[in-house]
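Numbering of the sequence shown is given in this note's numbering, commencing with residue 78 and proceeding in unit increments.
Read the structure below first, then the notes.
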Amino acid sequence: MQIRGPVVETREPRTVETSNGSSELAEVVVRPDRGAGEPVQVTLWGKWTGTAELLEPGMGLLVTDADEREFRGETQYATTGDSAVVVEPDFLVDVTDVRGWVQCPRIYYLNKLSGVPLKYPVARGTIVHEVFGDLLRGRDLEDSVDERVAEAALELGLLGESAEAVADDVRANAAAIEGWLEQGALTDEDSWRSEQTLVSERFGIKGRADAVRRGAPVELKTGKNTGREPRFHDKIQAACYALLLADDVATAPDTGTLLYTKNTTLDRGDASGDLSPAKDFSVGPGLLKYVLRQRNEIAAAEYDLTVPTGYEADAKCEYCFERDTCMVVAGRLDQESKAGRVGEPVPDAERAYFERLYRAVEEERREVHAEYRKLWERTAAERADDDRALVDLEPLGRESLDGGRWRLRARRTGDAVSKMREGDRVLASDGHPTRGTAELATVERLGEEVVVVADEPFELRRLDVYPSEIGVDRRLTALHDAILRGDEDRKDVLFGRRDPAFDDDRGVYIDNNDAQNEAVNTALNAEDFALVHGPPGTGKTYTLARTVRALVADGRRVLLSAFTNRAVDNAIEALEAQGFTDVVRWGSESGVREDMESYRLERAGDPEERAAALDEARVVAATTAACGSRALKAQSFDVAVVDEAGQLAEPGTFLATNLADRFVLVGDHRQLPPVVRAENELRESLFERLIDDHPEAGVMLDRQYRMSQRVQYFPSREFYDGQLRPASGEVAGLRLADLPGVDPEAL
Numbered sequence: 078m079q080i081r082g083p084v085v086e087t088r089e090p091r092t093v094e095t096s097n098g099s100s101e102l103a104e105v106v107v108r109p110d111r112g113a114g115e116p117v118q119v120t121l122w123g124k125w126t127g128t129a130e131l132l133e134p135g136m137g138l139l140v141t142d143a144d145e146r147e148f149r150g151e152t153q154y155a156t157t158g159d160s161a162v163v164v165e166p167d168f169l170v171d172v173t174d175v176r177g178w179v180q181c182p183r184i185y186y187l188n189k190l191s192g193v194p195l196k197y198p199v200a201r202g203t204i205v206h207e208v209f210g211d212l213l214r215g216r217d218l219e220d221s222v223d224e225r226v227a228e229a230a231l232e233l234g235l236l237g238e239s240a241e242a243v244a245d246d247v248r249a250n251a252a253a254i255e256g257w258l259e260q261g262a263l264t265d266e267d268s269w270r271s272e273q274t275l276v277s278e279r280f281g282i283k284g285r286a287d288a289v290r291r292g293a294p295v296e297l298k299t300g301k302n303t304g305r306e307p308r309f310h311d312k313i314q315a316a317c318y319a320l321l322l323a324d325d326v327a328t329a330p331d332t333g334t335l336l337y338t339k340n341t342t343l344d345r346g347d348a349s350g351d352l353s354p355a356k357d358f359s360v361g362p363g364l365l366k367y368v369l370r371q372r373n374e375i376a377a378a379e380y381d382l383t384v385p386t387g388y389e390a391d392a393k394c395e396y397c398f399e400r401d402t403c404m405v406v407a408g409r410l411d412q413e414s415k416a417g418r419v420g421e422p423v424p425d426a427e428r429a430y431f432e433r434l435y436r437a438v439e440e441e442r443r444e445v446h447a448e449y450r451k452l453w454e455r456t457a458a459e460r461a462d463d464d465r466a467l468v469d470l471e472p473l474g475r476e477s478l479d480g481g482r483w484r485l486r487a488r489r490t491g492d493a494v495s496k497m498r499e500g501d502r503v504l505a506s507d508g509h510p511t512r513g514t515a516e517l518a519t520v521e522r523l524g525e526e527v528v529v530v531a532d533e534p535f536e537l538r539r540l541d542v543y544p545s546e547i548g549v550d551r552r553l554t555a556l557h558d559a560i561l562r563g564d565e566d567r568k569d570v571l572f573g574r575r576d577p578a579f580d581d582d583r584g585v586y587i588d589n590n591d592a593q594n595e596a597v598n599t600a601l602n603a604e605d606f607a608l609v610h611g612p613p614g615t616g617k618t619y620t621l622a623r624t625v626r627a628l629v630a631d632g633r634r635v636l637l638s639a640f641t642n643r644a645v646d647n648a649i650e651a652l653e654a655q656g657f658t659d660v661v662r663w664g665s666e667s668g669v670r671e672d673m674e675s676y677r678l679e680r681a682g683d684p685e686e687r688a689a690a691l692d693e694a695r696v697v698a699a700t701t702a703a704c705g706s707r708a709l710k711a712q713s714f715d716v717a718v719v720d721e722a723g724q725l726a727e728p729g730t731f732l733a734t735n736l737a738d739r740f741v742l743v744g745d746h747r748q749l750p751p752v753v754r755a756e757n758e759l760r761e762s763l764f765e766r767l768i769d770d771h772p773e774a775g776v777m778l779d780r781q782y783r784m785s786q787r788v789q790y791f792p793s794r795e796f797y798d799g800q801l802r803p804a805s806g807e808v809a810g811l812r813l814a815d816l817p818g819v820d821p822e823a824l
C-alpha cells in the first residue's frame, strides 16, 4: 500500500512498549491521493520518527509498503520493514547534494553559493571521467586521452598546464581503470552502461551514474584512498545510484564499487595501506534507508530554505577543507556555524538583499523541479502540445561512431514543433523519459528525420526537453560574488550609499543624433555605471556598438554580453558593420549564428594557444549565462556592456557585471520584463532599479527610425512620457505601401 499526499497534522514522537521491547513512533495525518482523499493517520516507526520531526503541515509525504488496518472503525496505516518514507517527493535532490550533505550540511550550502572553481583537479577529474566512459565503450586509451585533453585545452591553458603533462597525468589515473577492467574481464552475461541518467519520481532523487556494471553502480574518484573501505560519503553517492537503479529498497543492487584512480600513481615504497583502486562494498536496506533519511533532511531544509549550521552532522570542522570559507560566509552573513565565524557582517541592507534574492532564486529552482515532474505527470500528448517533446517517433536505425557513441535516427510521424533546437542536450528515450531506457543526447538534426548522438544504443521513439538547474546555480553564485566578494565602492553605489560618479570629458562619436552621442559619452565617462534606455527603433544596437568601439579606442577591455545568443550576435553584426572585427565570441557551435562562426572561440586544440586567444581579446562576447562558466569567471574586464538588461533579473545581470570594473546596461524596462518562472522579486531588473534610483546615470534614446508618427503616438504617450519622436520627416510619414513586398490593397 502506498500513501502519498500533503501533511495535515504532525504529532510529537513517543516511546511505546511492544512485544519486541521499547520502540519509537510518530503519528502523522496525511491527505492521500495527492490531497484528493480524506485525511488518514500514518504511524512512522523506528528511525523514520527522525523524518517525522522534519515534517510540517503542507509538506508532501510518501510512504511505500504501508500496512493497512482497521482501528475503531477507522482505517490507519503504518510503516513496515520494507517501507520507505519520502519528504517532499516532488523535490528532486541531486545525488551529489546528498553526498555533500552527509559530509556536512554546511558544505552542501556552500557548494550552492561558490560553484565549481577553475582549478586543475577539477579539470583533470573531468577529463579522467570522459576517458573512463570512452574505455567502457571500447575506445583505445591513447586516442581517448589525446582527444579529451585537446577538448579541454582552453581551461588547461588558462591554468598554465601543458597538454603533454596533463596527458601523462590522465594516463596514470586511467591505468587504474584499465587494470580493473582487465581483471574483471566481461563475460557474455556482463553488461556495461556509462554515464547513465537516472531520475526517481518515487524517491525524489536524480543523478548521472558514472557507470553501471551488471546492474550495480560504479563510481569513479580521481583522488586516493588507501583504506580497505570506500570513504563513507563516497559510499553514500554509490548507494544513491543503487536506489535509483531499482527505484525500490527491496530490489536494489546489493553491491557498489568505488574506483580511486590516484591509487595507481602512488609509490608502494612511500605509501602504506590498501593501494588497490577498486573497493567494493555491500549495499543493504539499512544503508539505502539512511540515504533516504539524508535526502529527506535536504528536502525539508529547502522547503522553508533553512540555512544549515553544521550542527546537524557529526563532521569535525578542524579537518574540513572548507572550514575557512565556512567561517567567512557565516561571519559576513551573520549566520550560526559550527565552525565559528570570522570577519564583520556586511551591512544590514546588503544582508537583507542577499537573503531576499537567495529565496527568490531558490523559488526559481522549484519551478525547474516542476518541469522535471512534467516528464512523468504529463501524458506524451500533453508534452507534445506544450512543445516540450517530440513523441511517436518511428525508429530508423542506429550507427556506431568512433569513440563508442551512437547516432540514433527516427522519423517524425506528425507535424508537431518543439522548443528543441539542433545542438541542444535533450532526453532521448525508447518511449518514456523516466520509466524506460533514456539517455541524455545531443540533437544533430530536427527535420522530417530526427537524428541524435547518445552514449548507448536503443530505439529512438521520443525526445523531451530536459530541465536544467545550471542557470539557477550560476545566479546564486553571482549573487554570492556580488555581495560577499564584491568591491565595497561598487556596493556603496548599488545600495544607495553614494551617487554614481562621472568624468566630464566630451567627444563627438555620433554626429547626427544627440541622444546617441550623449549615451556614448556617458558610458565613456562613467566611473561606476551608465544606463542607456533604448525604446523600439531608436538605434540601441548601433549605439551599443559605437560605445564598444569608443571604449576599446580608449584602451579598455570590454565584455559584451546579453541575455540571448541572438542579441549577442546582433551586437557583433553591428560592430562588423562599423568596421570593427576584433571580437572573440564565446559560445557553442549550435548557439552561435552561422555567419558569426568566424568569431567563435574554438576551445579545443593547444592549451597555450587557446588561452592566449581568450586572454588577448580586446572584446569578448558571450551571453550572461555563459559568463558564469569557469573559464570566463577567471577573466577580468575594464567594462561590461550588457544588452537586453531589462530582461535580466538582478543576479543574472551580476553574472556579467561581476567580471568588470564598471558596467553599461542597455535595455528598455518598458518592454519585456526579466524572463523568470516564479512570480517574485526577480521580476524587477537591475536596469529598472538603477534607472529609477539614479536617473542622472541614464540616457534615453528619443529618436526612433521604425514607426510612422501615427503608430509612434500611442507607445510614446503610454510608455515613454511623450518623449519619442520620429528621426526624420521621412520616418514620420511612413506608410504600409512604402514597405517592400507589402500591398495595402491585399490586406
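In this text, a Cβ means the ideal position worked out from N, Cα and C, and glycines have one as well.
The structure presented is a predicted model; accordingly, all values stated were derived computationally and were not measured.
Tyr-586 and Ala-627 - do their beta-carbons sit closer together than 7 Å?
It is a contact, given that the beta carbons lie within the stated cut-off.
Return helix, strand or coil for Asp-324, following the three-state DSSP convention.
coil
What separation, rounded to the nearest whole angstrom, lies between the Cα atoms of Glu-604 and Ala-774?
11 Å
Please classify Ile-80: does DSSP put it in a helix, a strand, or coil?
strand
DSSP puts His-610 in a beta bridge; with which residues?
Gly-744, Met-777
Cβ-based burial, Tyr-435 [other Cβ within 10 Å; buried from 16]
buried
Phe-148 - DSSP class collapsed to helix/strand/coil
In the structure shown, Phe-148 falls within a strand segment according to DSSP collapsed to helix, strand and coil.
Considering only DSSP beta bridges, list what Asp-357 is partnered with.
Thr-334
Can you tell me the Cβ-Cβ gap for Asp-715 and Ala-737, rounded? I've got them flagged as a contact below 8 Å.
Correct: roughly 6 Å between the Cβ atoms.
Close Cβ partners of Phe-740 (< 6 Å) along its chain, the five nearest in sequence each way excluded:
Residues Phe-606, Ala-717, Thr-734 of the same chain have their beta carbon placed closer than 6 Å to that of Phe-740, with the five preceding and five following residues left out of the count.
From Arg-214 to Val-208, what does the alpha carbon distance come to, in whole angstroms?
10 Å
Classify Ile-547: buried if its beta carbon has 16 or more other beta carbons within 10 angstroms, exposed otherwise.
exposed
Check whether the Cβ atoms of Val-107 and Gly-135 lie closer than 7 Å to each other.
no
Rounding to the nearest angstrom, what Cα-Cα distance links Arg-290 and Phe-535 in this structure?
18 Å
Based on Cα-Cα distance, which residue from Thr-700, His-610, Asp-692, Ala-694 lies nearest to Ala-648?
Thr-700
Roughly how many whole angstroms lie between the Cα atoms of Ile-80 and Val-164?
Using only the alpha carbons, I get a separation of about 12 Å.
At which residues does the alpha helix (DSSP H) containing Ala-339 begin and terminate?
Going by the sequence as given, residue 339 is Lys instead of Ala. It is not in any alpha helix (DSSP H) - Lys-339 carries neither H nor E in the DSSP assignment.
Taking the continuous alpha helix (DSSP H) assigned at Asp-381, which residues delimit it?
That residue, Asp-381, is in no alpha helix (DSSP H); it is neither H nor E in DSSP.
Status (buried if at least 16 other CB within 10 Å, exposed otherwise) for Ser-892:
The displayed coordinates of the chain run from 78 to 824. Any statement about residue 892 would go beyond what the structure contains.
May I ask you to report which of helix, strand or coil DSSP gives Ile-547?
helix
What span of residues does the alpha helix (DSSP H) with Thr-402 cover, start to end?
400-410
Between Tyr-337 and Ala-286, is the Cβ-Cβ spacing less than 7 Å?
For Tyr-337 and Ala-286, no; Cβs fall outside 7 Å.
From Asn-97 to Leu-132, what does the alpha carbon distance come to, in whole angstroms?
Taken atom to atom, the span from the alpha-carbon of Asn-97 to that of Leu-132 is near 27 Å.
Please name the residue, chosen from Thr-274, Ala-323, Asp-357, Asp-815, that lies closest to Arg-305 on a Cα-to-Cα basis.
Asp-357
Give the secondary structure of Phe-764 by DSSP, where H, G and I count as helix, E and B as strand, and everything else as coil.
Helix, per DSSP.
Reference Asp-779, options Glu-765, Arg-766, Pro-772, Asp-798, closest by Cα
Asp-798
Given a cut-off of 7 Å, decide if Arg-512 and Gly-729 are closer than it, judged by their beta-carbon atoms.
no
Kindly indicate the opening and closing residues of the alpha helix (DSSP H) around Phe-731.
727-734
By the DSSP assignment, the beta strand (DSSP E) with Trp-269 in it spans what residues?
269-277
Rounded separation between Ala-155 and Trp-122 - CA only
7 Å
Keeping to the same chain, check which residues put their C-beta closer than 6 Å to that of Ile-184; ignore five residues upstream and five downstream.
Gly-177, Glu-399
Closest to Gly-363 by C-alpha separation, out of Ile-375, Glu-389, Asp-331, would be which residue?
When only C-alpha atoms are compared, the closest one is Asp-331.
Answer yes if the segment 694-710 comes into contact with the segment 189-196, meaning at least three C-beta pairs across the two stretches below 8 Å, and no otherwise.
Counting C-beta pairs with one atom in each stretch, the segment 189-196 and the segment 694-710 have three or more that are closer than 8 Å, which means they touch.
Pop quiz: Gln-655 and Arg-623 are said to be a contact at Cβ under 8 Å. What is the actual Cβ separation, rounded to whole angstroms?
Between Gln-655 and Arg-623 a beta carbon distance of about 7 Å is seen, short of the 8 Å cut, so the two are scored as contacting.
By how many angstroms is the C-alpha of Ser-495 removed from the C-alpha of Ala-703?
24 Å
Enumerate in chain order the residues of its own chain whose CB-to-CB distance from Thr-157 is below 6 Å, with the five nearest sequence positions on each side excluded.
Asp-142, Asp-144
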